[in-house]
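The numbering of the sequence shown is the numbering used here, which starts it at 241 and goes up by one. Remarks on the structure that follows.
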Amino acid sequence: MAKAKSYYFCQQCGYQSASWLGRCPECGKFGTFQEEVVKASAPAVGKVSGQRQGQSMPKLIQEVAYGEMPRIATHCGEFDRVLGGGIVPGSLLLLGGEPGIGKSTLLLQTALAITDRRLLYVSGEESEQQIKMRADRIGIGSENCYVVSETVTQRIFEHVEAVRPELLIVDSIQTVSTEDADSPAGSVSQIRQCTTEFQHYAKQSGVPVLLIGHITKDGTLAGPKVMEHIVDAVLQFEGDRNYGYRVLRALKNRFGSTAEIGIFEMQGSGLREVPNPSEFLLSQRDETLSGAAVAATLEGARPMFIEVQSLVSSAVYGTPQRNANGFDMRRLSMLLAVLEKRCGFKLGAKDVFLNIAGGLRVNDPAIDLAVACAILSSNVDMPISPRVCFAAELGLSGEVRPVSRVEQRIAEADRLGFEKVFVSKYNMRGLNTRSYGLQIVPVGVIEETFRALFA
Ligand code: TYD
Ligand code: MG
Numbered sequence: 241m242a243k244a245k246s247y248y249f250c251q252q253c254g255y256q257s258a259s260w261l262g263r264c265p266e267c268g269k270f271g272t273f274q275e276e277v278v279k280a281s282a283p284a285v286g287k288v289s290g291q292r293q294g295q296s297m298p299k300l301i302q303e304v305a306y307g308e309m310p311r312i313a314t315h316c317g318e319f320d321r322v323l324g325g326g327i328v329p330g331s332l333l334l335l336g337g338e339p340g341i342g343k344s345t346l347l348l349q350t351a352l353a354i355t356d357r358r359l360l361y362v363s364g365e366e367s368e369q370q371i372k373m374r375a376d377r378i379g380i381g382s383e384n385c386y387v388v389s390e391t392v393t394q395r396i397f398e399h400v401e402a403v404r405p406e407l408l409i410v411d412s413i414q415t416v417s418t419e420d421a422d423s424p425a426g427s428v429s430q431i432r433q434c435t436t437e438f439q440h441y442a443k444q445s446g447v448p449v450l451l452i453g454h455i456t457k458d459g460t461l462a463g464p465k466v467m468e469h470i471v472d473a474v475l476q477f478e479g480d481r482n483y484g485y486r487v488l489r490a491l492k493n494r495f496g497s498t499a500e501i502g503i504f505e506m507q508g509s510g511l512r513e514v515p516n517p518s519e520f521l522l523s524q525r526d527e528t529l530s531g532a533a534v535a536a537t538l539e540g541a542r543p544m545f546i547e548v549q550s551l552v553s554s555a556v557y558g559t560p561q562r563n564a565n566g567f568d569m570r571r572l573s574m575l576l577a578v579l580e581k582r583c584g585f586k587l588g589a590k591d592v593f594l595n596i597a598g599g600l601r602v603n604d605p606a607i608d609l610a611v612a613c614a615i616l617s618s619n620v621d622m623p624i625s626p627r628v629c630f631a632a633e634l635g636l637s638g639e640v641r642p643v644s645r646v647e648q649r650i651a652e653a654d655r656l657g658f659e660k661v662f663v664s665k666y667n668m669r670g671l672n673t674r675s676y677g678l679q680i681v682p683v684g685v686i687e688e689t690f691r692a693l694f695a
């Protein structure tokens, strides 16, 4: 029997210390240390009999064969896109997201859709009846999906041995615990130990494991950042609770790109894929109102047209307010400073509110010009036509900078029926403007854009 020993763990980042500390030397948070009991040497974990032996013998790199293990398609285009074409055998995936965002729904729906493989869905949060109720709501029947309500990893591996699934889903890592650590479920040492057990199981059996993890309000995975290093891919499910749209992103992916996103819509009967996001992101405006501009952004390989809305009003109280929804606040401050210097925008005297339609968060810098134009439009109270879009980044001196893959953005704008697209003049080299029906307006500095729009 291994000897039990107690350590103090930072519940925020997982830093381990032999004594209690007031402030974590790793992440700098105060009052996060908690005592947890761990066994000095944990026994071998996550083993299922009949594992392939000799897996970890060193091999010459030329002799390493791959490709013989095809990825498991999830039969969900958006999910596959984020994964990089399906689930890699033997991989350990973590799906994070705020409570209630739809993580359990996404994975149960995926489990039901993979009808050609034997699956085990383990839930530590819901009973089998509750899982069945959810499955009925989603409305997909599957003859290969086993469900069990269980919270102890040792029991889970017993079920695994009985069912021999080809894919294991665990909902959620915060609710499962191992007998090898005495601290309560959800604590750092439990989560670390359990994740390691699932990793051993996945690597040794070749069965991929999907773990659900909760994240806290401030956006970190509840408790342990430690998990992120162990798993092969970290996916995040996010979205504004007030909108039905959900975005799946890869924060880390050992087997694919992290640039791709998947878009879903939460409906009464589960999640629906949204293969063509631009059509819902552009609000149907008949009349032209000031303060709105459309940005031609790219998320991964996919063009996404997004409406940026801004409201600029005179600041009534001392300090002007700045508020951005779905856009980086520091970037907004920078753009406002550029506008003050270049376009006579009186920064100190105005409240500025910015909203990205649809409750999305955009990382593409090509949205800059649309943000600046939406602010200017609201400031002078003159509308921009809904048939005009923007694809350029703004530099500190007010220069309109080129963006990547501008042809793709222009072609999509053309397809969606836009009449005009503003791009950087530095993007024009080698561009065949004749092949598009819409007018391409090259601009060099922000003043030029302002004059072209509102003169
Ligand atoms: P859930 O998957 O339980 O979230 P999580 O596992 O991330 O905590 O679902 C969250 C919400 O989705 C819940 O409030 C109900 C809603 N929902 C639908 O709107 N339609 C559906 O078909 C289902 C199953 C859930
Ligand atoms: Mg859940």
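Where is the CB? At the ideal position from N, CA and C, for every residue including glycine.
- request: Would you check if the stretch 545 to 552 and the stretch 585 to 596 touch, i.e. whether three or more CB-CB distances between them fall below 8 Å?
  value: The stretch 585 to 596 makes contact with the stretch 545 to 552, as at least three CB pairs between them are under 8 Å.
message: Tell me which residues share the same chain as residue 566 and place their Cβ nearer than 6 Å to its Cβ, disregarding the 5 neighbours each side in the sequence.
response: Closer than 6 Å at the Cβ level, and outside the excluded window around residue 566, lie 596, 600 and 601.
query: Does the distance from the C-beta atom of residue 474 to that of residue 336 stay below 8 Å?
result: Closer than 8 Å, so yes.
- prompt: Is there at least one non-hydrogen atom of ligand 1 closer than 7 Å to the beta-carbon of residue 405?
  reply: Taken from the Cβ of residue 405, every heavy atom of ligand 1 lies 7 Å or farther away.
field: Contacting residues, own chain, Cβ-Cβ under 6 Å from residue 628 (five flanking each side not counted)
entry: 660.
field: Alpha-carbon spacing of residue 507 relative to residue 485, whole angstroms
entry: So the two alpha carbons sit approximately 9 Å from each other.
query: Counting along the chain, where does the beta strand (DSSP E) carrying residue 628 start and finish?
result: Counted as a single uninterrupted DSSP element, the beta strand (DSSP E) harbouring residue 628 occupies residues 628 to 631.
field: Buried versus exposed, by CB contacts within 10 Å (16 or more), residue 383
entry: So residue 383 counts as exposed.
C-alpha gap between residue 321 and residue 535, whole angstroms: Their backbone Cα atoms lie some 23 Å apart in a straight line.
- request: Please report how far the alpha carbon of residue 247 lies from the alpha carbon of residue 277, in whole angstroms.
  value: Their Cα atoms are separated by approximately 6 Å.
Pick from 487, 481, 477 and 441 that is closest to residue 470, judged by C-alpha positions: Nearest in C-alpha terms to residue 470, of all of 487, 481, 477 and 441, is 441.
query: So which of 587, 641 and 606 has the shortest CA-CA distance to residue 615?
result: It is 587 whose Cα lies nearest to the Cα of residue 615.
Residue 591 to residue 631 span [Cα, whole Å]: Distance from the CA of residue 591 to the CA of residue 631, rounded to the nearest whole angstrom, comes to 25 Å.
field: Element boundaries [alpha helix (DSSP H), containing residue 646]
entry: Per DSSP, the unbroken alpha helix (DSSP H) holding residue 646 starts and ends at 646 to 655.
message: Any heavy atom of ligand 2 inside 7 Å of the beta-carbon of residue 365?
response: Correct: residue 365 has its Cβ closer than 7 Å to ligand 2.
message: Taking the beta carbon of residue 419 as the centre, do at least 16 other beta carbons fall within 10 Å, making it buried, or is it exposed?
response: Exposed is the call here.
field: Status (buried if at least 16 other CB within 10 Å, exposed otherwise) for residue 436
entry: Answer is buried; the Cβ neighbour count reaches 16.
query: So is the beta-carbon of residue 509 under 7 Å away from any non-hydrogen atom of ligand 1?
result: A distance criterion of 7 Å places the beta-carbon of residue 509 in contact range of ligand 1, judged by its closest non-hydrogen atom.
message: I'd like to check one pair, residue 378 with residue 314: are the Cβ atoms closer than 8 Å?
response: The Cβ atoms of residue 314 and residue 378 do not sit closer than 8 Å to each other.
field: Coarse secondary structure for residue 689, derived from DSSP in three states
entry: Residue state, collapsed to three classes: helix.
- prompt: Is residue 473 helix, strand or coil by DSSP?
  reply: Reduced to three states, the DSSP call for residue 473 is strand.
field: Beta bridge counterpart(s) of residue 438 as assigned by DSSP
entry: Per the DSSP secondary-structure output, residue 438 pairs with nothing in a beta bridge.
field: Rounded C-alpha distance that separates residue 297 from residue 304
entry: Each residue's alpha carbon lies about 11 Å from the other.
- prompt: With burial defined as no fewer than 16 other Cβ atoms inside 10 Å of the residue's Cβ, what is the status of residue 416: buried or exposed?
  reply: With 16 or more other CB atoms across the displayed protein chains lying within 10 angstroms of its CB, residue 416 is buried.
message: Given 7 Å as the limit, tell me if residue 337 has its C-beta closer than that to any heavy atom belonging to ligand 1.
response: Within the cutoff, so yes.
field: Residue nearest to residue 553 in terms of C-alpha spacing, selected from 344, 589, 505 and 671
entry: It is 589.
message: With a threshold of 7 Å (Cβ to nearest heavy atom), would residue 239 be considered close to ligand 1?
response: Residue 239 lies beyond the range of the chain shown here (241 to 695); nothing can be said about it.
task: With DSSP as the reference, please indicate the residues paired to residue 591 in a beta bridge.
output: Residue 591 is bridged to 553.
message: Under 7 Å: does the beta carbon of residue 664 sit that close to some heavy atom of ligand 2?
response: Checking every heavy atom of ligand 2 against the Cβ of residue 664, none is found closer than 7 Å.
Residue range of the unbroken beta strand (DSSP E) whose run includes residue 506: Residues 501 to 507.
message: Is it buried or exposed, residue 689, if we count other Cβ atoms within 10 angstroms and call 16 or more buried?
response: Label assigned to residue 689: buried.
Given residue 482 as reference, the closest of 341, 412 and 401 once Cα atoms are compared: Ranking 341, 412 and 401 by Cα distance to residue 482 puts 341 first.
- request: May I ask you to check if the CB of residue 411 is nearer than 7 Å to at least one heavy atom of ligand 2?
  value: The closest heavy atom of ligand 2 lies less than 7 Å from the beta carbon of residue 411.
message: Considering only DSSP beta bridges, list what residue 641 is partnered with.
response: Within the DSSP secondary-structure output, residue 641 pairs in a beta bridge with 633.
query: Given a threshold of 16 other Cβ atoms within 10 Å of its Cβ, counted over all protein chains shown, does residue 692 qualify as buried or as exposed?
result: When all chains shown are included, residue 692 counts as exposed.
message: Pop quiz: residue 451 and residue 333 are said to be a contact at Cβ under 8 Å. What is the actual Cβ separation, rounded to whole angstroms?
response: With a Cβ gap of about 7 Å, residue 451 and residue 333 count as contacting.
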